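Q: Each residue of the sequence shown is one higher than the one before, starting from 24 at the first, in my numbering. Think of the CB as a built atom: it goes at the ideal place given N, C-alpha and C, for glycine as much as any other residue. Since this is a predicted model, take the numbers as computed values, not measurements. There's a structure below that I have some questions on.
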Amino acid sequence: MSNSVIETLQHHCTQRDFTDQVVSDETLAKIITTAQHAPSSQYLQAYSLIEVTDPAIRQALAKLTTRATVATQGRLLVVIADQHRNVQLADTPAAQQALTELDRFLGSVEDATLMTEAMVMVTESLGLGSVVLGSINNDTQAVIDLLHLPKLTLPVFGFQIGYPSSQPETKPRLGLDAILFKNQYVEPTSYQTELTNFDQRLHAYYANRSSHARDEHLRDMTKEALGSAAKRRDFFKIATRQGFLPEA
Ligand SMILES: Cc1cc2nc3c(=O)[nH]c(=O)nc-3n(C[C@H](O)[C@H](O)[C@H](O)COP(=O)(O)O)c2cc1C
């Protein structure tokens, strides 16, 4: 069973280096307008995008995402969780308040996330590549200040698009035995075996890949959170300052 969507997803690979070939306005608009058809919670389309073209802002974002290429390569969007627009449309104080609470805070982050994944897929279907940059939130307040984000908006991802300068190998994914359960959260008997098998596939991928080969196991990947956790501790406090989560 295969079609072009299945092929695109099965060959998905994050790209982090791009050639000088310019992504045209038409291509960027096609990627965005197509991805806008992603599902949207309550059909509120609670996201916005900011394209960053100012070299000084790109440089600042490159620094905080620790990716030098963010400063210069491809086109750079910041995906924003946005209830600012919807609050202006709401015509009662109660409806306005509801848009700021946890439920719609999550809705805006969910919408921004699904939109971003849809952009990944459209981008790859056109032969371009992209990287989702969660590291934009290494310093959320700095991004808010740089982009002049109003109340009821928050940065969710950076998203860099360009023509790939290399073809990294596709990373393996867990097998169904590790992620698909029936009716209840009961790990199948094959669960541990699949984790062991996946660890071998992951280790082989990292050992044999054509660039940045390294000795890596599944348990090593979980240590990544040690670095990022500390950088996100202020996120809810900042969300509150931005007008979200009044019930917190
Ligand atoms: C929510 C999210 C945040 C991410 N943030 C970053 C990031 O800040 N920098 C980066 O280089 N890659 C980032 N990535 C890309 C992941 O590292 C990548 O998807 C993962 O290693 C799997 O590789 P693949 O996409 O090539 O299959 C992010 C991906 C997701 C889904």
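Between residue 156 and ligand 1, is the CB less than 7 angstroms from at least one heavy atom?
A: As a working mapping, residue 156 is identified with position 133 in the sequence shown. Under cutoff, so the answer is yes.
Q: Taking 8 angstroms as the cut-off, does the stretch 181 to 197 touch the stretch 140 to 155 (at least 3 CB pairs, one atom from each stretch)?
A: Touching, yes, given that three or more Cβ pairs across the two stretches are closer than 8 angstroms.
Q: Per DSSP, residue 98 forms a beta bridge with which residues?
A: Reading the sequence shown from its first residue, position 75 is the one you call residue 98. 184.
Q: Does the contact criterion of 3 or more C-beta pairs under 8 angstroms hold for the stretch 43 to 60 versus the stretch 189 to 202?
A: Taking 8 angstroms as the limit for Cβ pairs, the verdict is that the stretch 189 to 202 does not touch the stretch 43 to 60.
Q: Given a cut-off of 8 angstroms, decide if residue 69 and residue 130 are closer than it, judged by their beta-carbon atoms.
A: On the sequence shown, residue 130 is found 107 positions in, with the first residue counted as 1. On the sequence shown, residue 69 is found 46 positions in, with the first residue counted as 1. Yes, Cβ-Cβ distance for residue 130 and residue 69 is below 8 angstroms.
Q: What number of angstroms, rounded off, separates the C-alpha of residue 75 from the C-alpha of residue 173?
A: Position 52 of the sequence shown, counting from 1, holds the residue named residue 75. Position 150 of the sequence shown, counting from 1, holds the residue named residue 173. Approximately 16 angstroms, taken between the alpha carbons.
Q: Using a Cβ-Cβ cut-off of 6 angstroms (strictly less than) and excluding sequence neighbours within five positions of residue 266, which residues of its own chain qualify?
A: Sequence index remark: in the sequence shown, residue 266 carries index 243 (1-based). Within the same chain, residue 266 has close Cβ partners 123, 174 and 175.
Q: Residue 37: beta carbon under 7 angstroms from a heavy atom of ligand 1?
A: Numbered from its first residue, the sequence shown carries residue 37 at position 14. Flag set: Cβ of residue 37 near ligand 1.
Q: Which whole runs of the alpha helix (DSSP H) in the stretch 58 to 105 are 4 residues long or more, in chain order?
A: Listed in chain order, the complete alpha helix (DSSP H) runs (minimum 4 residues) inside the stretch 58 to 105 are 78 to 88.
Q: Output yes if chain C places a C-beta closer than 8 angstroms to the C-beta of residue 57; else output no.
A: The structure shown contains no chain C; it holds only a single protein chain.
Q: Beta-carbon separation of residue 36 and residue 193 under 8 angstroms?
A: The sequence position of residue 36 within the sequence shown is 13, counting from 1. The sequence position of residue 193 within the sequence shown is 170, counting from 1. Yes.
Q: Looking at the secondary structure, which residues open and close the alpha helix (DSSP H) in which residue 151 lies?
A: Within the sequence shown, residue 151 is the residue found at index 128, counting from 1. Careful: residue 151 lies outside any alpha helix (DSSP H) and carries neither H nor E.
Q: Tell me whether the beta-carbon of residue 141 lies closer than 8 angstroms to the beta-carbon of residue 58.
A: Stepping through the sequence shown from its first residue, residue 141 is reached at position 118. Stepping through the sequence shown from its first residue, residue 58 is reached at position 35. In this structure, residue 58 lies closer than 8 angstroms to residue 141 by Cβ.
Q: Just how far apart, CA to CA, sit residue 222 and residue 195?
A: As a position in the sequence shown, residue 222 is number 199, starting the count at 1. As a position in the sequence shown, residue 195 is number 172, starting the count at 1. So the two alpha carbons sit approximately 10 angstroms from each other.
Q: Any heavy atom of ligand 2 closer than 7 angstroms to the beta-carbon of residue 194?
A: For the structure depicted, ligand 2 is absent and the ligand set comprises only ligand 1.
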